[in-house]
Ligand code: PGA
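In the numbering used here, the protein residues as written are 623 to 882.
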């Protein structure tokens with residue numbers, strides 16, 4: 623059975639104090655939902671929160687008492703040294719982060735990150751024993767010219783194909799159509815399913831059925847309490863990477879419940 627995962631990406635939102643207050647509130651709400659769920663026999667998803675770097679260490683400490691994983695939103699493609707302003711994967715591991723998100727479309731678009739750079743970041747993360755959420759997705763222009771499958775295949779190949787099967791077990795893929803991120807215009811469940819199935823096929827072609835059937839593929843892009851259920855009900859959608867709706871504890875809880 624593939625792992626179901628709901629991850630919240632706070633992006634550049636919340637000061638340390640705001641973030642810690644929200645987490646304390648969120649953990650309590652989550653605990654309540656877990657207790658309600660106990661007798662239903664339904665499997666709760668893995669819950670991941672990706673706050674800004676400055677909150678990662680304290681969030682990871684706070685999360686220890688709860689069943690929540692902490693992710694960073696980025697890491698350096700270098701190990702250490704004279705790279706002013708960068709944060710390494712080893713530093714994140716040292717403060718007990720569990721995951722790192724790489725290749726988010728905002729990093730690709732605003733900071734010029736290429737598939738090659740993303741591939742290096744993944745290497746650094748895996749070397750430091752972090753799990754990876756690797757984001758892929760096409761722009762509106764690419765979709766309108768019918769190139770989405772081609773673009774996604776290329777992103778998967780160039781970011782992930784140099785890994786081996788063992789390393790692939792620590793990778794989660796997030797499909798985030800760029801035109802759906804922060805726009806309020808989510809992909810339809812059918813559009814998400816089509817791409818997720820394609821991603822699984824591409825992965826199967828390189829790593830075999832065992833890896834492709836077990837890798838978790840998340841959907842991201844304007845996912846909210848209203849549309850989450852229909853998207854998560856698709857057979858190849860294993861959860862979500864949630865931006866805006868993860869900034870509010872109640873909304874995030876509702877998205878998590880949508881996968882039960
Ligand atoms: P959104 O962001 O849910 O605000 O569209 C998703 C993401 O970028 O991870």
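By construction, the Cβ of each residue, glycine as well, lies at the ideal position given by its N, Cα and C atoms.
Problem - Straight-line gap, residue 815 to residue 720 (C-alpha atoms, nearest Å) - result: Along the chain shown, one-based indexing puts residue 815 at 193. Along the chain shown, one-based indexing puts residue 720 at 98. Cα to Cα, residue 815 sits roughly 27 Å from residue 720.
Exercise for the section: In angstroms with no decimal places, state the Cα-to-Cα distance between residue 640 and residue 634. Expected result: As a working note, residue 640 is residue 18 in the chain shown. As a working note, residue 634 is residue 12 in the chain shown. Distance between the alpha carbons of residue 640 and residue 634: 12 Å.
Practice task
Enumerate in chain order the residues of its own chain whose CB-to-CB distance from residue 801 is below 7 Å, with the five nearest sequence positions on each side excluded.
Solution key: For the purposes of this step, residue 801 is taken as residue 179 along the chain shown, with counting starting at 1. Result list for residue 801: 761, 762, 765, 807, in chain order.
Handout entry: Buried/exposed call for residue 798, threshold 16 Cβ in 10 Å
Key = Position 176 of the chain shown, counted from the start, is the residue given in the question as residue 798. Buried, because 16 or more other Cβ atoms sit within 10 Å of the Cβ of residue 798.
Handout entry: residue 753 beta carbon less than 9 Å from that of residue 722
Key = Here residue 722 corresponds to residue number 100 of the chain shown, with the count starting at 1. Here residue 753 corresponds to residue number 131 of the chain shown, with the count starting at 1. In this structure, residue 753 lies closer than 9 Å to residue 722 by Cβ.
Exercise for the section: Give the single residue among 826, 811, 827, 838 whose Cα lies nearest to the Cα of residue 844. Expected result: In the chain shown, counting from the first residue as 1, residue 844 sits at position 222. Among 826, 811, 827, 838, the Cα nearest to that of residue 844 belongs to 811.
Practice task
Report the residue from 759, 716, 717 whose alpha carbon sits nearest the alpha carbon of residue 737.
Solution key: Your numbering for residue 737 matches position 115 in the chain shown. With distances taken between Cα atoms, residue 737 lies closest to 759.
Practice task
Select from 768, 724, 717, 878 the residue whose C-alpha is nearest the C-alpha of residue 855.
Solution key: If you number the chain shown from 1, residue 855 lands on position 233. Nearest option by C-alpha distance: 878.
Exercise for the section: Below 8 Å on the Cβ atoms is my guess for residue 747 versus residue 711; work out the distance and round it to an integer in Å. Expected result: Here residue 747 refers to the residue found at position 125 of the chain shown. Here residue 711 refers to the residue found at position 89 of the chain shown. Yes, residue 747 and residue 711 are in contact; Cβ-Cβ is about 5 Å, under 8 Å.
Handout entry: C-alpha distance - residue 846 paired with residue 744, whole-angstrom precision
Key = Stepping through the chain shown from its first residue, residue 846 is reached at position 224. Stepping through the chain shown from its first residue, residue 744 is reached at position 122. Between residue 846 and residue 744, the C-alpha separation is close to 28 Å.
Exercise for the section: Would you check if there are 3 or more beta carbon pairs closer than 8 Å linking the stretch 778-788 to the stretch 850-868? Expected result: no
Problem - Integer Cβ distance of residue 627 from residue 667, believed to fall under 8 Å - result: Within the chain shown, the letter at position 5 stands for residue 627. Within the chain shown, the letter at position 45 stands for residue 667. Confirmed, Cβ separation roughly 6 Å.
Exercise for the section: Taking the CB atoms as reference points, tell me whether residue 864 and residue 842 lie closer together than 9 Å. Expected result: Counting from one through the chain shown, the residue named residue 864 turns up at place 242. Counting from one through the chain shown, the residue named residue 842 turns up at place 220. Yes, Cβ-Cβ distance for residue 864 and residue 842 is below 9 Å.
Handout entry: Proximity test, residue 848 beta-carbon vs the ligand PGA heavy atom, cut-off 8 Å
Key = In the chain shown, the residue the question calls residue 848 occupies position 226. Incorrect: residue 848 has no Cβ contact closer than 8 Å to the ligand PGA.
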